[in-house]
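Enquirer: Please see the structure below; I have some questions.
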Amino acid sequence: MAKPDAAVSWPAHLLLIGCGNMAGAMLARWLDCGLPPTRVTVVRPSGKPVAEGVTVRTSLSEPVAAGTMVLLGCKPQQLPEVSRELAGLLGGDVTLLSILAGVPVARLRAAFGQARAIVRCMPNLPVRIGRGVVILHAGADAPDAVREQATALGTPLGLAEWLDDEGLFDAATALAGCGPAFLYRFVDALGVAGADLGLDPAQAARMALATVEGAAVSAAAGEASPAAMADAVASKGGMTRQGLDVLDRPDGLAALLAETLRAARDRGAELAALASKG
């Protein structure tokens with residue numbers, strides 16, 4: 000796993016409301032990178048342990064300590080219930096970090112008006128190995144110190160990108176949040192296509208995965224754009240060029256991915272509309 004370049008300035012305390020797949024992946028990565036487990040409390044109805052040294056509670060009754068970073072990691076539809084239980088326990092020196100899909104900062108502010116600042120966050124699953132993307136947006140009232148702290152927490156997870164315009168959050172989520180699933184489909188399809196040419200299916204799947212992994216690492220390390228790298232590999236009249244000519248058709252890969260991202264983005268807007276009625 001990738002390691003952060005420098006020591007992270009961890010919050011005085013981190014309180015997780017919910018610890019599902021994504022919040023759990025973030026926490027596991029932070030613990031790997033040196034977050035003291037004694038600074039972490041997880042509230043989850045099941046009471047199921049999370050990691051050695053991390054306090055787990057089934058509910059919260061006492062006020063949240065000043066300086067705490069609260070990570071909302073529950074399901075979006077649970078927001079009304081969570082806000083009823085938590086809002087009265089938050090003071091003015093508590094920062095809220097929300098990974099609730101489709102829930103804008105304005106709605107979070109309405110639910111948790113006492114919080115010092117609210118940061119909206121959308122990670123993708125590779126954050127568990129420090130190779131993810133973390134999309135961030137803060138309300139206009141967020142102090143610079145809060146933005147710096149959110150960036151510090153995002154950096155060990157991978158690439159931390161701030162959006163000034165919250166209206167672009169669904170578009171960024173479609174690209175980075177949903178992107179790994181789309182790429183997994185591509186890897187699978189590449190292997191299936193190889194098997195259709197006569198290769199053993201298991202062998203073709205291994206080759207497809209290793210090919211995509213190597214190409215991604217090369218693209219990340221290289222100075223040229225991925226488009227330029229593709230052209231550099233493709234000799235005029237050669238095998239690669241012949242294949243690229245298929246992908247580069249007007250109705251080819253670019254058009255398919257544009258349609259894919261639009262569908263994901265538009266569904267994000269639909270989910271936000273549904274959440275606003277909750």
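For the sequence shown, numbering that gives the first Met the number 0 assigns the number 0 to the initial residue and increments by one for each residue that follows.
Cβ coordinates follow ideal geometry from the N, Cα and C atoms, glycine included.
(1) Check each candidate in A231, L162 and L78 and name the one with the smallest Cα separation from M121.
(2) Over the uninterrupted beta strand (DSSP E) stretch that includes A151, give me the two end residues.
(3) So is D187 buried or exposed if we call it buried at 16+ other beta carbons inside 10 Å?
(4) Tell me whether N123 is buried or exposed, calling it buried when 16 or more other Cβ atoms sit within 10 Å of its Cβ.
(5) Going by C-alpha to C-alpha distance, which of L99, V102 and V63 sits closest to E84?
(6) Between P36 and G178, what straight-line distance do the alpha-carbon atoms span, to the nearest angstrom?
(7) How many angstroms separate the CA atom of E160 from the CA atom of S97?
(8) Can you tell me whether R56 is buried or exposed? The criterion is at least 16 other CB atoms within 10 Å of its CB, across all chains shown.
(9) Excluding sequence positions up to five away, which residues of its chain have a Cβ less than 8 Å from the Cβ of A231?
(10) Please say whether F168 and R119 have beta carbons closer to each other than 8 Å?
(11) Which residue from M25, R38 and R205 puts its Cα closest to that of V126?
(12) Could you compute how far the alpha carbon of Q113 sits from the alpha carbon of S217?
(13) Comparing alpha-carbon positions, which option in S58, E165, L88 and G166 lies nearest A65?
(14) In angstroms with no decimal places, state the Cα-to-Cα distance between S15 and S60.
(15) Whole angstroms are fine: how far does the CA of R240 sit from the CA of E258?
(16) List the endpoints of the continuous alpha helix (DSSP H) containing P62.
(17) Going by DSSP, what residue range makes up the beta strand (DSSP E) through W161?
(18) Going straight from the alpha carbon of P79 to that of D31, what length do you get?
(19) Specify, as a first and last residue, the run of the beta strand (DSSP E) that G131 falls within.
(20) With burial defined as no fewer than 16 other Cβ atoms inside 10 Å of the residue's Cβ, what is the status of Q202: buried or exposed?
(21) Since V41 and V53 should fall inside the 8 Å C-beta cutoff, what is the C-beta to C-beta distance between them, to a whole number of angstroms?
(22) Going by the DSSP bridge assignment, what does R119 pair with across the sheet?
(23) What are the start and end residues of the alpha helix (DSSP H) that includes T239?
Expert: A quick look at the data gives this:
(1) Residue mapping note: residue 121 aligns to position 122 of the sequence shown, counting from 1. Per the Cα distances, L162.
(2) The residue given as residue 151 occupies position 152 in the sequence shown. Here A151 belongs to no beta strand (DSSP E); instead the alpha helix (DSSP H) covers D143 to G153.
(3) Indexing the sequence shown from 1 puts residue 187 at position 188. The residue in question, D187, is exposed, as its Cβ has fewer than 16 Cβ neighbours within 10 Å.
(4) In the sequence shown, counting from the first residue as 1, residue 123 sits at position 124. By the 10 Å Cβ count, N123 comes out buried.
(5) The count along the sequence shown starts at 1 and reaches residue 84 at position 85. Measuring from the Cα of E84, the nearest candidate turns out to be V63.
(6) As a working mapping, residue 36 is identified with position 37 in the sequence shown. As a working mapping, residue 178 is identified with position 179 in the sequence shown. Rounded to whole angstroms, P36 to G178 spans 31 Å at the Cα level.
(7) Within the sequence shown, the letter at position 161 stands for residue 160. Within the sequence shown, the letter at position 98 stands for residue 97. Distance between the alpha carbons of E160 and S97 is about 15 Å.
(8) Taking the sequence shown and counting its residues from 1, one reaches residue 56 at position 57. Exposed, because fewer than 16 other Cβ atoms sit within 10 Å of the Cβ of R56.
(9) For the purposes of this step, residue 231 is taken as the residue at position 232 of the sequence shown. Closer than 8 Å at Cβ, skipping near neighbours: A223.
(10) Sequence index remark: in the sequence shown, residue 119 carries index 120 (1-based). Sequence index remark: in the sequence shown, residue 168 carries index 169 (1-based). Result yes, Cβ atoms of R119 and F168 sit closer than 8 Å.
(11) Residue numbering aside, residue 126 sits at position 127 when the sequence shown is read from its first letter. It is M25.
(12) By one-based count along the sequence shown, residue 113 stands at place 114. By one-based count along the sequence shown, residue 217 stands at place 218. Whole-angstrom Cα-Cα distance: 47 Å.
(13) Counting from one through the sequence shown, the residue named residue 65 turns up at place 66. The shortest C-alpha separation from A65 is found at L88.
(14) Here residue 15 corresponds to residue number 16 of the sequence shown, with the count starting at 1. Here residue 60 corresponds to residue number 61 of the sequence shown, with the count starting at 1. Here residue 15 turns out to be Leu, not Ser, going by the sequence shown. Cα-Cα distance, rounded: 14 Å.
(15) Counting from one through the sequence shown, the residue named residue 258 turns up at place 259. Counting from one through the sequence shown, the residue named residue 240 turns up at place 241. Rounded to the nearest angstrom, the two C-alpha atoms are 24 Å apart.
(16) Within the sequence shown, residue 62 is the residue found at index 63, counting from 1. Careful: P62 lies outside any alpha helix (DSSP H) and carries neither H nor E.
(17) Here residue 161 refers to the residue found at position 162 of the sequence shown. Taken as a continuous stretch (DSSP letters only), the beta strand (DSSP E) holding W161 covers G157 to W161.
(18) Position 80 of the sequence shown, counting from 1, holds the residue named residue 79. Position 32 of the sequence shown, counting from 1, holds the residue named residue 31. The alpha-carbon atoms of P79 and D31 are separated by roughly 33 Å.
(19) For the purposes of this step, residue 131 is identified with residue 132 of the sequence shown, where counting begins at 1. Start and end: G131 to A137.
(20) In the sequence shown, the residue the question calls residue 202 occupies position 203. Answer is exposed; the Cβ neighbour count stays below 16.
(21) Here the question's residue 41 lines up with position 42 in the sequence shown. Here the question's residue 53 lines up with position 54 in the sequence shown. The pair is a contact, with the Cβ atoms about 6 Å apart (cut-off 8 Å).
(22) Mapped onto the sequence shown, residue 119 falls at position 120. Its beta-bridge partners are S97 and H136.
(23) Counting from 1 along the sequence shown, the entry for residue 239 is found at position 240. It spans M238 to L246 - the alpha helix (DSSP H) in which T239 sits, taken as one unbroken run.
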